[in-house]
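Residue numbers (this note's numbering), protein chains in the order written: chain A, 19 to 358; chain B, 19 to 358.
Here is the structure we will look at, set down as structure tokens.
Protein chains: 2
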Amino acid sequence: MSSEERKKTRVTLLDVARHANVSRATASLVLRKSPLVGSETRTRVEEAMRDLGYVYNIGAARLRVERSQIIGAIVPNLTNPFFAELLSGIEEIIGATGKVVILAKSGDRVEQQEMLLRRMREHGVDGVILCPAAHTESTLFEQITAWDMPVVQVLRHISFDMDYVGADYATGMRQAVDYLASLGHERIAFAVHGPVHSAYQERVDGFRDAMLSRGLDPSMLIRFPTQLGEIAQATHLLFDRATRPTAVICFNHLVALGLSAGLQDCGLTIGRDLSLIGFDDVADAEAIRPRLTSVSTGPVAIGEMAARLLVERIADPALPPRRLVNDTTLHIRQSCGRPN
Amino acid sequence: MSSEERKKTRVTLLDVARHANVSRATASLVLRKSPLVGSETRTRVEEAMRDLGYVYNIGAARLRVERSQIIGAIVPNLTNPFFAELLSGIEEIIGATGKVVILAKSGDRVEQQEMLLRRMREHGVDGVILCPAAHTESTLFEQITAWDMPVVQVLRHISFDMDYVGADYATGMRQAVDYLASLGHERIAFAVHGPVHSAYQERVDGFRDAMLSRGLDPSMLIRFPTQLGEIAQATHLLFDRATRPTAVICFNHLVALGLSAGLQDCGLTIGRDLSLIGFDDVADAEAIRPRLTSVSTGPVAIGEMAARLLVERIADPALPPRRLVNDTTLHIRQSCGRPN
DNA sequence: CTGAAAGCGCTTACAG
DNA sequence: CTGAAAGCGCTTACAG
């Protein structure tokens, strides 16, 4: 069958209507489950659709109705399991509403992100869930407003005049610091990595505030490499300072994984020689040894919340902007002990 | 601005044409970078597009040309980092060709997969990359053919009359078995889990063949729970048999992670008391201790290959079906030693 | 409940 | 190089 013939082969709503002996309008009503159609007629049309192998053409419909049933999701990357879980939550909710999600990664590059937003607009997405690339200018907010495109920010924010769903990083940090302090730790380091963005800043501020409110020195901020593979070898950075920490809070799952490995490589026993607290607590956290005490931010739930928010935003663009912050919980396992 | 006014606001190609004092046809030619347009005219039109904030409407264009620039990707789940890496490869290549990918997960449920395929057809996807849900009937192949939809199977296959990209599981298994045998192991177990599908079968067959060709007993197939969280507690299954293995090959990354943790919980030293080999070797593999010797299947590369194949398939539907199998490599680290 | 008609935003011959 | 026109597959009043 040549592509010429194939084209003619396409079954259209008009074909269905003729086959069922009704008008195109009626067939269209059946399609959209209108109550205006009699049940006998309805059945006849539905049979015709089945017989002919009719497939609804959403693209054509979209040209009339302003709804593409497509939403976009832009994340910095896909290989970090944290984002994979986030996406899983997004897909779950969006899929359940009958919509479809276009996925793209920005690589934390602003120009790439700009290109992706344009491409998504060209595809007429009904809205997008955006985890803004690091260093995104806040002017992006004005652009988005001018485009009149529903957007919810996830995990990171550039403007609170736009919907935002994230985690309560400040509380998470306080939970971690309080727990370590209760064990008797005073020299607590915060092991960070990656580019600076709102979530980065919130964690750092949260750490600082939590330390200060306990009268502890909040200045032990130690930077690790961005790539997971390089973190373990950089473990010595923890001990290069005049004062040596007795406990370390990790910026995220990757840092926790890397340091957990690196400390073992140094011959240290985690929980005895040094206490370690993870952050994000993705599924793998359960599976490393010693079991990692970790602050859970709930990426799947955040993805679900963001998707629901976007759906509501699309339904009612006049809604005031909302800010949803998921609670964090400290999962106490085995990686912390008293200082020695 | 009400939604009424907004609709009128939409800038169309006709607006651009008028603004630039050309016909709609000419504006369209500029859009598609046709050489038929003089450079002076081209510039004028491009300026008009910028001035007016014109956004190309791919959906409208699609109604005429049979190309949506959308491709679909269906995977069993997103939280398994293996699939996340696969997707990353797919998105990379598809994005680079200017197309966009619709993402969905089947949850390894055949009906869900069917629904997703229909939804994607309604969106007029140019093709889909499908990791078939476990227990997919091979009749799906006939359906897909009847729909005349370009599909490449990835990781799992239901028919070789359709493009397929996967890993060379048989060789991977042989590499693992040969390595263990060279260390002196004879009682080697294969720790499997999850539903049965072609990739499962190929690994099991590969294990069996590799064992047999070395004159070893291939019957130690041990089933573990599907959920990562439950694997560690099930570690005892390794020792419930009359003959106790001295080495274990893991079905995939999840099993490796779970058993690595579980063996440590049992107080065993991996590499001394028992040798362990992982499979898939996703990014995390580098970060567990003891370092896991593992067969790498290269999910990112597989995703890239699948995307390229689909692009070629779309360009030329008459191409004979192809079967691409990515080489595996054994990464020797620290989790294996001599039997004792 | 149904039919005829207009229109969504583009592309594509066809004439000039 | 340009203009006028038809058509892609749908939805939506409007009249009956």
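Backbone N, C-alpha and C define an ideal beta-carbon position, used for all residues, glycine too.
Between which residues of its own chain and residue i is the CB-CB distance below 8 Å, once the five residues before and five after are set aside?
| i | result |
| --- | --- |
| E103/B | V300, A301, P317, V318 and G321 |
| F178/A | P339 and R341 |
| A207/B | M238, L239, I240, L256, P263, A265, V266 and I267 |
| N344/B | V183, G184, A185, D186, T315, G316, A319, I320 and M323 |
| H37/B | A66, D69 and L70 |
| I76/A | S86 and Q87 |
| G142/A | R80, S86 and I88 |
| L286/A | L292 |
| G355/B | L201, G289, R290 and S293 |
| R226/B | P236 |
So for residue i, helix, strand or coil by DSSP?
| i | result |
| --- | --- |
| D298/B | strand |
| D181/B | strand |
| A265/B | strand |
| H271/B | helix |
| I249/B | helix |
| R341/B | strand |
| S353/B | coil |
| L32/A | helix |
| R241/B | strand |
| R309/B | coil |
| S278/A | helix |
| L158/A | helix |
| V143/B | coil |
| L134/B | helix |
| L348/B | strand |
| L234/A | coil |
| L286/A | coil |
Can you give me the Cβ contacts of residue i inside the same chain, cut-off strictly under 6 Å, excluding the 5 residues immediately before and after it?
| i | result |
| --- | --- |
| E109/A | V119 |
| P173/A | First, the amino acid is wrong: residue 173/A is Leu here, not Pro. Contacts found: C149, G184 and A217. |
| L32/B | R42 |
| G90/A | I120, M138, V143 and V146 |
| I350/A | T311 |
Tell me which same chain residues have a C-beta within less than 7 Å of the C-beta of residue i, skipping the five on either side of it?
| i | result |
| --- | --- |
| Q193/A | V313, T346 and L348 |
| A151/A | P94, S124, D126, R127, V128 and Q131 |
| R241/A | V210 and H211 |
| Q171/B | L148, P150, M180, D181 and Y182 |
| V40/A | T59 and V63 |
| Y74/B | L49 |
For a contact meaning CB atoms closer than 7 Å, what does residue i contact in chain B?
| i | result |
| --- | --- |
| Q282/A | R307 |
| L275/A | D302 and A305 |
| R290/A | Here the premise fails: no neighbours, minimum Cβ distance about 16 Å. |
| A250/A | A305 |
Mind listing the chain B neighbours of residue i? Cutoff is C-beta to C-beta under 8 Å, in chain order.
| i | result |
| --- | --- |
| L32/A | Neighbours of L32/A on chain B: none; closest Cβ ~15 Å, over 8 Å. |
| H141/A | I76, G77, Q87, I88 and V118 |
| K51/A | What K51/A touches in chain B: nothing, since even the nearest Cβ is about 15 Å away. |
Since residue i and residue j should fall inside the 8 Å C-beta cutoff, what is the C-beta to C-beta distance between them, to a whole number of angstroms?
| i | j | result |
| --- | --- | --- |
| V30/A | T44/A | Looking at the sequence shown, residue 30/A is not Val but Thr. In fact, because the Cβ distance is near 14 Å, the residues do not count as touching under 8 Å. |
| Q87/A | K117/A | 5 Å |
| G202/A | P308/A | Actually they do not touch by this definition, with Cβ atoms about 19 Å apart. |
| V55/A | L47/A | 5 Å |
| S353/B | I295/B | 7 Å |
| I162/B | V169/B | 5 Å |
| G276/A | L246/A | 6 Å |
| G224/A | A250/A | The pair is not a contact, with the Cβ atoms about 26 Å apart (cut-off 8 Å). |
| S106/B | T97/A | 5 Å |
| T261/B | D283/B | Not quite, the Cβ-Cβ distance comes to about 23 Å (not below 8 Å), so this is no contact. |
What does residue i touch in chain A if you count any residue whose Cβ is under 7 Å from its own?
| i | result |
| --- | --- |
| T97/B | A102, E103, S106 and A301 |
| E109/B | L96, L121, A122 and K123 |
| V73/B | R139 and E140 |
| L81/B | G77, A78 and L81 |
| S113/B | Residue identity check: residue 113/B is Gly in the sequence provided, not Ser. Under the 7 Å cutoff, chain A gives A122. |
Would you say the beta carbon of residue i is closer than 7 Å to some non-hydrogen atom of the ligand SAM?
| i | result |
| --- | --- |
| G113/B | As presented, the structure is devoid of all ligands, the ligand SAM included, so that no description of it is given. |
Under 8 Å Cβ-Cβ, which residues of chain A neighbour residue i?
| i | result |
| --- | --- |
| R137/B | G116 and V118 |
| L246/B | A301, D302, E304 and A305 |
Give me the chain B residues within the contact set of residue i, using Cβ-Cβ distance strictly less than 9 Å, ordered along the chain.
| i | result |
| --- | --- |
| A279/A | E304, A305, I306, R307 and R309 |
| L234/A | Near L234/A there are no residues of chain B at all, since even the closest Cβ is about 29 Å away, more than 9 Å. |
(Q) Restricting to runs no shorter than 4 residues, where is the alpha helix (DSSP H) found entirely within the segment 171-232 of chain B? (A) 187-201 and 216-231
**Q.** Start-end ranges of the alpha helix (DSSP H) lying completely within the segment 37-123 of chain B, minimum 4 residues
**A.** 42-49, 57-70, 76-82 and 99-114
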